[in-house]
Amino acid sequence: MAKLPTSVDRLIAAFGPHKAYPPQSGFYGAHEPDELVKTHCCYCGMQCGIQLKVKENKVVGFEPWMDFPYNEGRLCPKGVERYLQNNHPDRLMAPIQRVEGEGFEHISWEQAMGKTVSEIRRIQQTYGKDAFAMLSGVSLTNEKSYMMGKFARVALKTANLDYNGRLCMVSAGAGNKKAFGLDRSSNSWADLAHAEVIIVAGANISETFPTLTHYIWRARDQGAKLIVVDPRVIPLARTADLHLDVKPGGDSALFGAMLKILVDNDWLDHEFIADHTVGFQETIEAVKDYDLDWAEVHTGVAKEKIWEAASLWGKAKTSFLLHARGIEHHSKGVDNVLSCINLVLATGRIGKPYCGYGTITGQGNGQGGREHGHKCDQLPGNRDITNPAHRQYIADVWRINESEMPGKGLTAYEQIDAIHRGEIKGLISICFNPLVSLPNNGYVREAFEKLEFYVCIDSFLSETARYADIVMAGSLHEEEEGTVTTAEGRVVKINAAVTPPGNARRDGDIIMELAARLGEADKFSFASSEAIFNELRLASKGGTADYFGITYEKVESQMGIFWPCPSLEHPGTPRLWEDRKFSTPDGKAHFNPVRFKLPTEVTDEDFPVVLTTGRVVSQYLSGTSTRRIGKLVDQYPEPLLEIHPKLASRYGIKTRDLVRVKTRRGEAEFPAQVVETIREDTVFIPYHWGGKHAANQLTIGNLDPISKIPEFKVCACQLIPTGEVASAALTETAYQSDL
Amino acid sequence: MPETNYNMDMAFFVDMQRCIGCHACEMACAECETNGQESMIHVNYVDRAVSVQTTVQVCMHCENPACANVCPADAIHQDDFGVVHSANTPRCIGCSNCVLACPFGVPKKMEEAELMMKCNMCYDRTSAGKKPMCATVCPSQALYYGTHEEIARMRPNSTPVNSFKFGNQEVKTKVYVMMPKGAKQLIVD
Numbered sequence: 076m077a078k079l080p081t082s083v084d085r086l087i088a089a090f091g092p093h094k095a096y097p098p099q100s101g102f103y104g105a106h107e108p109d110e111l112v113k114t115h116c117c118y119c120g121m122q123c124g125i126q127l128k129v130k131e132n133k134v135v136g137f138e139p140w141m142d143f144p145y146n147e148g149r150l151c152p153k154g155v156e157r158y159l160q161n162n163h164p165d166r167l168m169a170p171i172q173r174v175e176g177e178g179f180e181h182i183s184w185e186q187a188m189g190k191t192v193s194e195i196r197r198i199q200q201t202y203g204k205d206a207f208a209m210l211s212g213v214s215l216t217n218e219k220s221y222m223m224g225k226f227a228r229v230a231l232k233t234a235n236l237d238y239n240g241r242l243c244m245v246s247a248g249a250g251n252k253k254a255f256g257l258d259r260s261s262n263s264w265a266d267l268a269h270a271e272v273i274i275v276a277g278a279n280i281s282e283t284f285p286t287l288t289h290y291i292w293r294a295r296d297q298g299a300k301l302i303v304v305d306p307r308v309i310p311l312a313r314t315a316d317l318h319l320d321v322k323p324g325g326d327s328a329l330f331g332a333m334l335k336i337l338v339d340n341d342w343l344d345h346e347f348i349a350d351h352t353v354g355f356q357e358t359i360e361a362v363k364d365y366d367l368d369w370a371e372v373h374t375g376v377a378k379e380k381i382w383e384a385a386s387l388w389g390k391a392k393t394s395f396l397l398h399a400r401g402i403e404h405h406s407k408g409v410d411n412v413l414s415c416i417n418l419v420l421a422t423g424r425i426g427k428p429y430c431g432y433g434t435i436t437g438q439g440n441g442q443g444g445r446e447h448g449h450k451c452d453q454l455p456g457n458r459d460i461t462n463p464a465h466r467q468y469i470a471d472v473w474r475i476n477e478s479e480m481p482g483k484g485l486t487a488y489e490q491i492d493a494i495h496r497g498e499i500k501g502l503i504s505i506c507f508n509p510l511v512s513l514p515n516n517g518y519v520r521e522a523f524e525k526l527e528f529y530v531c532i533d534s535f536l537s538e539t540a541r542y543a544d545i546v547m548a549g550s551l552h553e554e555e556e557g558t559v560t561t562a563e564g565r566v567v568k569i570n571a572a573v574t575p576p577g578n579a580r581r582d583g584d585i586i587m588e589l590a591a592r593l594g595e596a597d598k599f600s601f602a603s604s605e606a607i608f609n610e611l612r613l614a615s616k617g618g619t620a621d622y623f624g625i626t627y628e629k630v631e632s633q634m635g636i637f638w639p640c641p642s643l644e645h646p647g648t649p650r651l652w653e654d655r656k657f658s659t660p661d662g663k664a665h666f667n668p669v670r671f672k673l674p675t676e677v678t679d680e681d682f683p684v685v686l687t688t689g690r691v692v693s694q695y696l697s698g699t700s701t702r703r704i705g706k707l708v709d710q711y712p713e714p715l716l717e718i719h720p721k722l723a724s725r726y727g728i729k730t731r732d733l734v735r736v737k738t739r740r741g742e743a744e745f746p747a748q749v750v751e752t753i754r755e756d757t758v759f760i761p762y763h764w765g766g767k768h769a770a771n772q773l774t775i776g777n778l779d780p781i782s783k784i785p786e787f788k789v790c791a792c793q794l795i796p797t798g799e800v801a802s803a804a805l806t807e808t809a810y811q812s813d814l
Numbered sequence: 009m010p011e012t013n014y015n016m017d018m019a020f021f022v023d024m025q026r027c028i029g030c031h032a033c034e035m036a037c038a039e040c041e042t043n044g045q046e047s048m049i050h051v052n053y054v055d056r057a058v059s060v061q062t063t064v065q066v067c068m069h070c071e072n073p074a075c076a077n078v079c080p081a082d083a084i085h086q087d088d089f090g091v092v093h094s095a096n097t098p099r100c101i102g103c104s105n106c107v108l109a110c111p112f113g114v115p116k117k118m119e120e121a122e123l124m125m126k127c128n129m130c131y132d133r134t135s136a137g138k139k140p141m142c143a144t145v146c147p148s149q150a151l152y153y154g155t156h157e158e159i160a161r162m163r164p165n166s167t168p169v170n171s172f173k174f175g176n177q178e179v180k181t182k183v184y185v186m187m188p189k190g191a192k193q194l195i196v197d
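Protein chains in written order, with this note's numbering: chain F, 76 to 814; chain U, 9 to 197.
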């Protein structure tokens, strides 16, 4: 639609981010709450159990929940501070509308709904149904994720629905479906604590899933060997038995070389390979030339360490391999995932006690949110929108004609391209802050400026919402009942602690009213979250992610149920594949040949340094809520450029020197943090900030051809010392994402 | 003493090797109603330029507490369970003797309040049969609160040590640090 309605400084003054702190003596009622509500933390795929203290319909504190089996009271700093959102001064309490030159003004729900529906109709009548797109997110509950998928297809009737899971675990999902026919971590974390060898590849567990650390330390107490694959010495790597300091983009070379070592030394489970897999010969053929000399060049890891890792993995009796965005955020993210799975299948260590494999989902509902249909190619139960039988089944559940159901739409980043091309003219978004989280975000901002109409549902005015025509004040995690599915596949219950403050509404109610005004009231007349879940159960029935046997009552009384759970009598499935019947069409696990490819952008004379990005422990994703929590901001106030002293000395860079980092997409300045805990050829910047502090001004938007995940984790950059030392003023305001 | 459920079988164990530097302990400690949003536990990098290693600094609750011994106002009290309490507000004169005397560098003088403050082992929680807040939330269990039997069973490769030697002086504490198996004393030269 346009540029910002007023200066960013005025928007920040009115809507934040502002740093919130509890009063010195705690919030009123924190010591005598009306009730303690058992629910979960909103900030990662672990979904730690927590109790929120509630006083007079406000969340005023927390109390550990000792009985929830996964975390037994343990929390990370984000979990401890998560209660500060509901009572936050920046909280949107009513719908607002853009006013040119002024900013935003409060409007009624009637105005917000009326204007939104008339703009949806105008754009769709003028340009076609698919010209109005939707972006969703997987911090939403299963119920809301399901409803977004249904809303886009049934009420908006657009093909162009996608979600921020596209930046999260789509490479893992695609790899898992190819290899196993199903997309879930194979085992519960209980098995992890007993594994003999653990590989953690591209997963900064201690900062992004801190409570999972306990399970790895427990395994090590029993003698487990820990192998960490990461360009940086992350906290988990500091005491690891082996730290493979892989060069960004070298992952599949490493895992390919390890597979060759397994083959050369016959550290293979021949019986498992013969009876339960296909594709082994083609797969080992692909890595036959990947000897240690070759591997050392392409991974940047000393060959002795590669051999030692393969030897530990090869000889182990039990093992667990975990990965996350570090290997997945690549233009060959699916290849990287498959090359990990090949190691697991070659040794047959899956579907048995203490033998597991899985991706770790970063978002609160990264698992469940990717199963129930707010993804451009997916229908509930992890069904395929291009499969006629799947379409017919869901059309029947939704009581629509199959022919009316839109087909496969564009993925998230492809939607940005389509806005630039003029094909998408209107957008509704929820739970997604693309101006911070998408790569090459100057290009993303220009797309938002081109939209004719943009409506955003959010609890805070995110950097992206600043560009909206209308912002509908939605609900927080603690303001709406539902379920989420944790990274281990456990469906857990989110209980509403309070109702949305002021004139804000539950997200579910907003979507239902929009659907009703678009003429589909009868298909969106859910009386409760449980009613939505019950329809989801039916919609997922018979799919690979089958929730039919899961009920609210079972989830609450059993502290979560692991899917698949196809019938009411079924106890759930904490450990997959014990029967060796994989969910692929032929029932076998599939090896997939992976030939090493270079990243899209490699270093050269002009851009000689590798740039990689990631997270810090005190922030969550694009920071819409965590950059509003004072103590979390203070712990790590601004993005720092981590750089090795040898690389720094070449440029005369010292800690706190302000360094301009330039790529082919943009440039930005960051204070240097000179540390020996990173590869000499690589610099790292965390991505949680927007505006001039955004690492994603620099990152590259090239996509994996299968998963369409952007290549956040590797591109080439220049370092230009500015000659200045970073100012305290810059540090002080970084959380605001000023321009 | 007021009625209490303080369990003398429970002990506090610190294992620096498990610490991941996340600061959850500090955040949780500050939430305690008696702490006024100040944390009594502190996490610091050892030397960030070379390592991500962090240390946790928390009151060790000395058996013979130097802080209490040097207090001219008799403001620091050790209870029957061995918990060394934060300075009694009406008595503390803000002289900082305790800050200087503590061999572990634990007590901090809150300049604004002119008061010494330190960890009291979450007395409000531990006396009610709960675990201290920091050890409850610690995601890596670098801070653990439980029995000696539990820690021996769970962590067979390390040993709890509560004897420290500073030069010629030995200090015994209520809080244990985990050391490699067989260690008897931590010598701080």
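We treat Cβ as the ideally placed atom computed from N, Cα and C, and that holds for glycine.
None of the values given here were measured: they were computed from a predicted structure.
Check: When the Cα of residue 151/F is compared with those of 666/F, 90/F, 532/F, 701/F, which residue comes out closest?
Finding: For the purposes of this step, residue 151/F is identified with residue 76 of the first sequence, where counting begins at 1. That would be 701/F, whose Cα lies nearest to the Cα of residue 151/F.
Notebook entry, point to check: How would you label residue 9/U, buried or exposed, when you count the other beta carbons within 10 angstroms and need 16 or more for buried?
Noted result: Counted from its first residue, the second sequence places residue 9/U at position 1. Note that residue 9/U scores 47 on pLDDT, short of 50, meaning its location in the model is unreliable; the coordinates nonetheless yield the value given after this. Flag for residue 9/U reads exposed.
Next item on the list: Specify, as a first and last residue, the run of the alpha helix (DSSP H) that residue 679/F falls within.
Entry: Along the first sequence, read from residue 1 onward, the residue named residue 679/F stands at position 604. Residue 679/F -> no alpha helix (DSSP H), and no H or E assigned at all.
Next item on the list: Figure out for me which residue from 159/F, 205/F, 193/F has the closest Cα to the Cα of residue 482/F.
Entry: If you number the first sequence from 1, residue 482/F lands on position 407. The residue with the shortest Cα to Cα distance from residue 482/F is 205/F.
Check: When you compare each of 76/U, 191/U, 189/U, 165/U to residue 126/U by their alpha carbons, which one comes out closest?
Finding: Counting from 1 along the second sequence, the entry for residue 126/U is found at position 118. Of the candidates 76/U, 191/U, 189/U, 165/U, the one whose C-alpha sits nearest the C-alpha of residue 126/U is 76/U.
Checklist line | Nearest-angstrom Cα separation, counted from residue 565/F out to residue 636/F | finding: One-based indexing of the first sequence puts residue 636/F at position 561. One-based indexing of the first sequence puts residue 565/F at position 490. Rounded to whole angstroms, residue 636/F to residue 565/F spans 5 Å at the Cα level.
Notebook entry, point to check: Just checking, does the stretch 690-699 of chain F make contact with the stretch 739-746 of chain F on the three C-beta pairs under 8 Å criterion?
Noted result: no
Item checked: Of the listed residues 776/F, 568/F, 310/F, nearest to residue 753/F (C-alpha basis) -> Stepping through the first sequence from its first residue, residue 753/F is reached at position 678. Of the candidates 776/F, 568/F, 310/F, the one whose C-alpha sits nearest the C-alpha of residue 753/F is 310/F.
Item checked: Closer than 7 Å to chain F by CB, residue 142/U -> Counting from 1 along the second sequence, the entry for residue 142/U is found at position 134. With 7 Å as the cut-off, residue 142/U does not count as an interface residue toward chain F.
Notebook entry, point to check: When you compare each of 567/F, 254/F, 301/F, 405/F to residue 383/F by their alpha carbons, which one comes out closest?
Noted result: Here residue 383/F corresponds to residue number 308 of the first sequence, with the count starting at 1. Per the Cα distances, 301/F.
Item checked: For residue 531/F, three-class secondary structure by DSSP -> In the first sequence, counting from the first residue as 1, residue 531/F sits at position 456. The answer is strand: DSSP assigns residue 531/F an E or B state.
Checklist line | Same chain, Cβ closer than 7 Å to residue 154/F, five either side skipped, listed in chain order | finding: In the first sequence, the residue the question calls residue 154/F occupies position 79. 116, 118, 123, 125, listed in sequence order.
Margin query: So that I know if they touch, is there some Cβ in chain U lying closer than 7 Å to that of residue 751/F?
Written below: Taking the first residue of the first sequence as 1, we reach residue 751/F at position 676. Chain U contact via Cβ: present.
Check: Do you know how far the Cα of residue 461/F is from the Cα of residue 156/U?
Finding: Taking the first residue of the second sequence as 1, we reach residue 156/U at position 148. Taking the first residue of the first sequence as 1, we reach residue 461/F at position 386. Approximately 59 Å, taken between the alpha carbons.
Next item on the list: Give the interface partners of residue 296/F over in chain U, defined as CB-CB distance under 9 Å, in chain order.
Entry: Mapped onto the first sequence, residue 296/F falls at position 221. In chain order: 162, 163, 164, 165, 166.
Notebook entry, point to check: DSSP state of residue 56/F, grouped into three classes?
Noted result: As shown, chain F starts at 76 and ends at 814. That puts residue 56/F outside it, with no answer to give.
Checklist line | Sequence-distant residues of the same chain with beta carbon closer than 6 Å to residue 199/F, five excluded per side | finding: In the first sequence, counting from the first residue as 1, residue 199/F sits at position 124. Excluding sequence neighbours, residue 199/F sits near 207.
Notebook entry, point to check: Identify the residues that DSSP records as bridge partners of residue 343/F: which are they?
Noted result: For the purposes of this step, residue 343/F is identified with residue 268 of the first sequence, where counting begins at 1. Looking at the DSSP assignment, residue 343/F forms no beta bridge with any residue, so it has no partner.
Margin query: Output needed in chain order: residues of the stretch 713-724 of chain F with a Cβ under 7 Å from some Cβ in chain U.
Written below: none
Notebook entry, point to check: Using a Cβ-Cβ cut-off of 6 Å (strictly less than) and excluding sequence neighbours within five positions of residue 256/F, which residues of its own chain qualify?
Noted result: Position 181 of the first sequence, counted from the start, is the residue given in the question as residue 256/F. If we look at residue 256/F and ignore the five residues flanking it on each side, its Cβ neighbours are 657, 658, 659.
Next item on the list: Report the rounded CA-to-CA distance for residue 388/F versus residue 164/U, giving the unit in angstroms.
Entry: Within the first sequence, residue 388/F is the residue found at index 313, counting from 1. Within the second sequence, residue 164/U is the residue found at index 156, counting from 1. In a straight line, the C-alpha of residue 388/F is about 24 Å away from that of residue 164/U.
Checklist line | Chain-ordered chain F contacts of residue 6/U [CB-CB under 7 Å] | finding: An answer regarding residue 6/U cannot be provided, because it is not within the stretch 9 to 197 covered by chain U.
Next item on the list: Measuring alpha carbon to alpha carbon, tell me which of 158/F, 529/F, 654/F ends up nearest residue 350/F.
Entry: Position 275 of the first sequence, counted from the start, is the residue given in the question as residue 350/F. Taking only the C-alpha atoms, the option nearest residue 350/F is 654/F.
Next item on the list: Starting from residue 146/U, find everything on chain F with Cβ-Cβ shorter than 8 Å and list it in chain order.
Entry: Taking the second sequence and counting its residues from 1, one reaches residue 146/U at position 138. Neighbourhood of residue 146/U in chain F, by CB distance below 8 Å: 149, in chain order.
Item checked: Three CB pairs or more closer than 8 Å across the stretch 782-793 of chain F and the stretch 483-494 of chain F -> yes
Margin query: Going by C-alpha to C-alpha distance, which of 757/F, 755/F, 778/F, 745/F sits closest to residue 769/F?
Written below: Here residue 769/F refers to the residue found at position 694 of the first sequence. Minimum Cα distance to residue 769/F is reached at 745/F.
Item checked: Separation of residue 555/F from residue 574/F, as counted between CA atoms -> Translated into positions along the first sequence, residue 574/F becomes position 499. Translated into positions along the first sequence, residue 555/F becomes position 480. Straight-line Cα distance between these residues: approximately 7 Å.
Margin query: Any C-beta of chain U within less than 9 Å: which residues of the stretch 560-588 of chain F qualify?
Written below: For the stretch 560-588 of chain F, the beta-carbon criterion of a distance under 9 Å to any beta-carbon of chain U is satisfied by none of its residues.
Check: First and last residue of the alpha helix (DSSP H) that includes residue 109/U?
Finding: As a first step, residue 109/U must be located in the second sequence, where it is residue number 101. It spans 105-109 - the alpha helix (DSSP H) in which residue 109/U sits, taken as one unbroken run.
Checklist line | Interface residues of chain U facing residue 313/F [CB-CB closer than 8 Å] | finding: Your numbering for residue 313/F matches position 238 in the first sequence. What residue 313/F touches in chain U: 59, 60, 61.
Notebook entry, point to check: What residue from 774/F, 764/F, 235/F has the CA that sits closest to residue 806/F's CA?
Noted result: Indexing the first sequence from 1 puts residue 806/F at position 731. The option with the nearest alpha carbon to residue 806/F is 764/F.
Next item on the list: Would you mind working out which of 322/F, 631/F, 471/F sits nearest residue 144/F, comparing C-alpha positions?
Entry: As a working mapping, residue 144/F is identified with position 69 in the first sequence. Closest option to residue 144/F, Cα to Cα, is 631/F.
Notebook entry, point to check: Do the stretch 789-809 of chain F and the stretch 719-737 of chain F make contact, defined as three or more Cβ pairs closer than 8 Å?
Noted result: Yes, the stretch 789-809 of chain F is in contact with the stretch 719-737 of chain F.
Check: What are the residues of the stretch 19-41 of chain U that lie near chain F, defined by any Cβ-Cβ distance shorter than 7 Å?
Finding: Answer in chain order: 25, 26, 28, 29, 30, 31, 32, 35, 36, 39, 41.
Notebook entry, point to check: From the beta carbon of residue 156/F, is the nearest beta carbon of chain U less than 7 Å away?
Noted result: For the purposes of this step, residue 156/F is taken as the residue at position 81 of the first sequence. Taking Cβ atoms only, chain U reaches closer than 7 Å to residue 156/F, which makes this a yes.
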